[in-house]
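The block underneath contains the structure these notes are about, expressed in C-alpha cells.
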Amino acid sequence: MSAKDDHEPRWNIVNKIFNKIDKTIDTAFADNKCSFLEIEITMLMVKEKLSQQKHEMYSLYLKHKDEEKVEEKSKEDKEEDNDTVKDIYK
1 MSAKDDHEPR WNIVNKIFNK IDKTIDTAFA DNKCSFLEIE ITMLMVKEKL SQQKHEMYSL
61 YLKHKDEEKV EEKSKEDKEE DNDTVKDIYK
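So the sequence shown is residues 1 to 90, counted in our numbering.
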C-alpha cells in the first residue's frame, strides 16, 4: 500500500458492510415491524460502540508512544553515564 493509499478507505469493504446493515434494517422493518425510532436508537448504539473502539485505539497508540519515549530516554541516560565514566579516566 503506497503512502497515497494509506488514508483512502477500502471502498469494497465499506460497501459490503453498508449492504449488510441495509439488508438487516430492511428485515427489521419487514419482519419485526420496527419503528424508525427503534432503528435510530440502534444506530445510535452502534455509533457509540464505534466511538468507544476509536477511543481504545487512541489510548493504546498513546500508551505505545509513551513507552517508546521512556525507552529512548533510558538509552540516552545510559549513553550519558557511559560517557561520564570514560571521562573520569582521561
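No residue lacks a Cβ here, since even glycine has one placed at the ideal position from N, Cα and C. Model, not experiment: these values are computed from the prediction.
Beta-carbon separation (whole angstroms), residue i vs residue j, contact threshold 8 Å
i          : j          : result
residue 39 : residue 28 : 7 Å
For residue j and residue i, the rounded distance between their alpha carbons
i           : j          : result
residue 61  : residue 68 : 11 Å
residue 7   : residue 49 : 22 Å
residue 11  : residue 54 : 20 Å
residue 16  : residue 36 : 23 Å
residue 31  : residue 57 : 36 Å
residue 24  : residue 9  : 23 Å
residue 177 : residue 46 : Here the chain has residues from 1 to 90 only, and residue 177 is not among them.
residue 71  : residue 63 : 12 Å
Extent of the continuous alpha helix (DSSP H) run through residue i
i          : result
residue 33 : From DSSP, residue 33 is part of no alpha helix (DSSP H); its letter is neither H nor E.
Same chain, Cβ closer than 6 Å to residue i, neighbours up to 5 away in sequence not counted
i          : result
residue 26 : none
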